[in-house]
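In terms of this note's numbering, the sequence shown opens at residue 17 and continues consecutively.
Positions of the beta carbon are idealized from the N, C-alpha and C atoms, including for glycine.
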Amino acid sequence: MKLRSSRRWLVSLSFRFLLTSLSAHALDNGLARTPPMGWNSWNKFACDGLNEKVVRATADTMAANGMKDAGYHYVILDDCWQVAVSASNTGRDPQGNILVDTAKFPSGIKALADYIHSKGLKFGIYTDVGTMTCAKRSGSIGHEYQDARQYAAWGVDYLKEDWCNTLPGQSAESSYTLMRDALAAATADTAAANGAPARPILFSLCEWGSNHPWLWAGPVGNMWRSTPDIQDCWDCKKTWGGNGVTEILDQLAPLYSYAGPGHWNDPDMLEVGNGGMTTEEYRTHFSMWALLAAPLLAGNDIANMTPDTREILLNKDVIVVDQDTLGIQGHRVRKEQDLEVWSKQLADGGRAVVLLNRGSAPAQITARWTDIGYPDTLKAEIRNLWTHQDLGPATTSYAANVPSHGAVMLRIKP
Ligand code: GLA
Numbered sequence: 017m018k019l020r021s022s023r024r025w026l027v028s029l030s031f032r033f034l035l036t037s038l039s040a041h042a043l044d045n046g047l048a049r050t051p052p053m054g055w056n057s058w059n060k061f062a063c064d065g066l067n068e069k070v071v072r073a074t075a076d077t078m079a080a081n082g083m084k085d086a087g088y089h090y091v092i093l094d095d096c097w098q099v100a101v102s103a104s105n106t107g108r109d110p111q112g113n114i115l116v117d118t119a120k121f122p123s124g125i126k127a128l129a130d131y132i133h134s135k136g137l138k139f140g141i142y143t144d145v146g147t148m149t150c151a152k153r154s155g156s157i158g159h160e161y162q163d164a165r166q167y168a169a170w171g172v173d174y175l176k177e178d179w180c181n182t183l184p185g186q187s188a189e190s191s192y193t194l195m196r197d198a199l200a201a202a203t204a205d206t207a208a209a210n211g212a213p214a215r216p217i218l219f220s221l222c223e224w225g226s227n228h229p230w231l232w233a234g235p236v237g238n239m240w241r242s243t244p245d246i247q248d249c250w251d252c253k254k255t256w257g258g259n260g261v262t263e264i265l266d267q268l269a270p271l272y273s274y275a276g277p278g279h280w281n282d283p284d285m286l287e288v289g290n291g292g293m294t295t296e297e298y299r300t301h302f303s304m305w306a307l308l309a310a311p312l313l314a315g316n317d318i319a320n321m322t323p324d325t326r327e328i329l330l331n332k333d334v335i336v337v338d339q340d341t342l343g344i345q346g347h348r349v350r351k352e353q354d355l356e357v358w359s360k361q362l363a364d365g366g367r368a369v370v371l372l373n374r375g376s377a378p379a380q381i382t383a384r385w386t387d388i389g390y391p392d393t394l395k396a397e398i399r400n401l402w403t404h405q406d407l408g409p410a411t412t413s414y415a416a417n418v419p420s421h422g423a424v425m426l427r428i429k430p
């Protein structure tokens with residue numbers, strides 16, 4: 017009797033321990049249960065091109081062209097909504113409040129946030145943990161609680177925090193934890209003051225993978241950049257760390273076990289439609305981001321995109337893979353020189369599979385059932401997610417010709 021009850025106690029203790037460790041793994045703000053989707057200004061508009069006209073036109077288009085309905089909900093201002101820091105301007109008023117660049121945003125940030133909300137979309141903004149942002153606007157160091165209160169008052173739904181101009185020895189984990197707590201306090205205080213339910217802010221860490229955020233950022237943020245800045249190219253690599261698509265894939269490949277609902281690896285915003293890659297390469301870029309359960313943040317000029325770009329960004333068969341509720345990041349299951357097979361387990365027991373050809377000539381690539389966790393004898397239905405054709409059942413394997421730099425993306429369902 018005694019033995020049995022102590023064993024029961026032990027079982028319940030280990031169960032409780034398991035629950036605590038599971039819940040401690042992800043930031044508990046209820047957001048990003050599937051990878052966040054939306055648009056960010058940086059990749060196309062950078063600093064000089066950003067202004068409220070562009071943002072309003074983007075929101076108008078997203079609300080009307082099917083993007084909002086497909087899940088692209090966040091409209092995010094990246095760097096340069098604030099005034100530039102100079103010898104005569106700290107970027108803050110005498111009370112330490114952040115100064116908005118009124119030449120670019122004459123109506124102010126609150127009005128823009130209200131406009132975006134009126135379209136049924138969500139509003140995101142950008143800051144930095146150091147003294148200045150990468151484009152030399154005031155950073156949030158020493159102003160975390162003040163800035164968080166300002167964001168909450170504006171109705172911000174998403175904050176990206178960058179890692180430029182940090183102090184020597186500044187700890188990434190403590191800095192981002194401080195902002196996490198500031199956001200939680202600000203949203204709770206604002207809700208209490210308004211007598212309204214709290215409006216949590218999705219927290220996006222952007223320290224480029226420098227401090228291995230996948231090891232500690234689960235309880236801190238909803239997503240963390242795992243790599244340096246994306247470049248609009250297939251396989252280029254900049255000396256300062258910027259990467260083309262293939263380099264990012266290689267860096268993300270080993271990190272799949274760290275992602276899950278509420279906490280995602282972030283291989284950076286999309287370049288689809290920005291002109292540096294071919295349509296085939298952009299299709300591959302989009303396929304791979306979905307397979308990696310990456311945040312899908314369009315980074316192009318939404319109000320003026322080509323039909324090809326629109327078709328890529330709005331491919332619902334591919335978006336569904338990214339947004340699968342199981343929240344598993346896919347990984348590479350086979351590599352033979354330039355030919356690769358990647359697989360992502362899905363909530364319905366199926367797999368999304370990408371046959372990826374990194375080489376310069378077309379090639380046949382085979383998805384073998386044993387590589388994706390199925391027995392050879394299993395009969396599974398195949399759907400091509402770019403041609404939208406159901407290809408019928410197969411056993412053992414499925415092979416397809418894949419163009420150079422192309423991806424054949426399949427859904428395989430037993
Ligand atoms: C860094 C970030 C980019 C962008 C710029 C803005 O490079 O990684 O995503 O936010 O700063 O200055």
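| query | result |
| --- | --- |
| Quick one: Cα of Ser376 to Cα of His404, how far? | 26 Å |
| Would you mind working out which of Thr393, Glu397, Trp358 and Arg374 sits nearest Ala383, comparing C-alpha positions? | Trp358 |
| In whole angstroms, what is the alpha-carbon distance linking Thr341 and Val101? | 43 Å |
| Excluding sequence positions up to five away, which residues of its chain have a Cβ less than 8 Å from the Cβ of Leu38? | Per-residue confidence for Leu38 stands at a pLDDT of 44, beneath the threshold of 50, marking its modelled position as unreliable; no derived number is given. |
| Quickly, what does DSSP pair Glu352 with across the bridge? List them, please. | Leu355 |
| Going by C-alpha distance, which of Thr50, Asn45, Gly54 and Asp44 is nearest Asp317? | Gly54 |
| Quick one: what's got a C-beta closer than 7 Å to Met148's C-beta in the same chain, skipping five residues either side? | Val101, Ser154, Gly155, Cys180 and Asn181 |
| Per the contact definition of three or more C-beta pairs closer than 8 Å, is the segment 119 to 133 in contact with the segment 54 to 73? | yes |
| For a quick check, are the C-beta atoms of Ser220 and Tyr167 less than 8 Å apart? | no |
| In whole angstroms, what separates the C-alpha of Gln186 from that of Phe121? | 32 Å |
| Ile335 lies in the alpha helix (DSSP H); which residues open and close that run? | Lys332 to Asp338 |
| What first and last residue would you give for the beta strand (DSSP E) that runs through Ser220? | Leu218 to Cys222 |
| Taking Trp305 as the reference, which of Thr294, Glu352, Val369 and Arg350 has the closest Cα? | Val369 |
| Since Asn59 contacts Glu352 with CB under 8 Å, what's their CB separation in whole angstroms? | That belief does not hold up - the Cβ atoms of Asn59 and Glu352 are roughly 32 Å apart, past 8 Å. |
| Could you check if Asn259 is buried or exposed, using at least 16 other CB atoms within 10 Å of its CB as the buried criterion? | buried |
| Indicate, with yes or no, if the ligand GLA has a heavy atom lying under 7 Å from the CB of Cys222. | yes |
| Is Thr300 near His421, with beta carbons less than 8 Å apart? | yes |
| Are Ile428 and Gly366 close, meaning C-beta to C-beta below 8 Å? | yes |
| Is DSSP giving Arg384 helix, strand or coil here? | strand |
| Taking Leu401 as the reference, give the member of Asp392, His347, Leu307 and Ile246 with the closest Cα. | Leu307 |
| For the pair the segment 255 to 274 and the segment 81 to 93, tell me if three or more CB-CB distances fall below 8 Å. | no |
| Is Tyr90 closer than 8 Å to Pro51 when the C-beta atoms are compared? | no |
| Do Thr300 and the ligand GLA come close, with the Cβ less than 7 Å from some heavy atom? | no |
| Can you tell me where the alpha helix (DSSP H) with Arg299 in it begins and where it stops? | Thr295 to Leu307 |
| Write down the C-beta distance between Gln267 and Ser303 rounded to the nearest angstrom, noting that I regard them as a contact closer than 8 Å. | Rounded, the Cβ-Cβ distance is 17 Å, inconsistent with contact. |
| Please report the distance separating the alpha-carbon of Met293 from that of Ala379. | 20 Å |
| Ordered along the chain, which non-local residues of its own chain (more than five positions away) have a Cβ less than 6 Å from that of Gly276? | Gly343 |
| Which two residues bound the contiguous beta strand (DSSP E) that contains Tyr90? | Tyr90 to Ile92 |
| Taking 7 Å as the cut-off, does the CB of Ala151 come closer than this to any heavy atom belonging to the ligand GLA? | yes |
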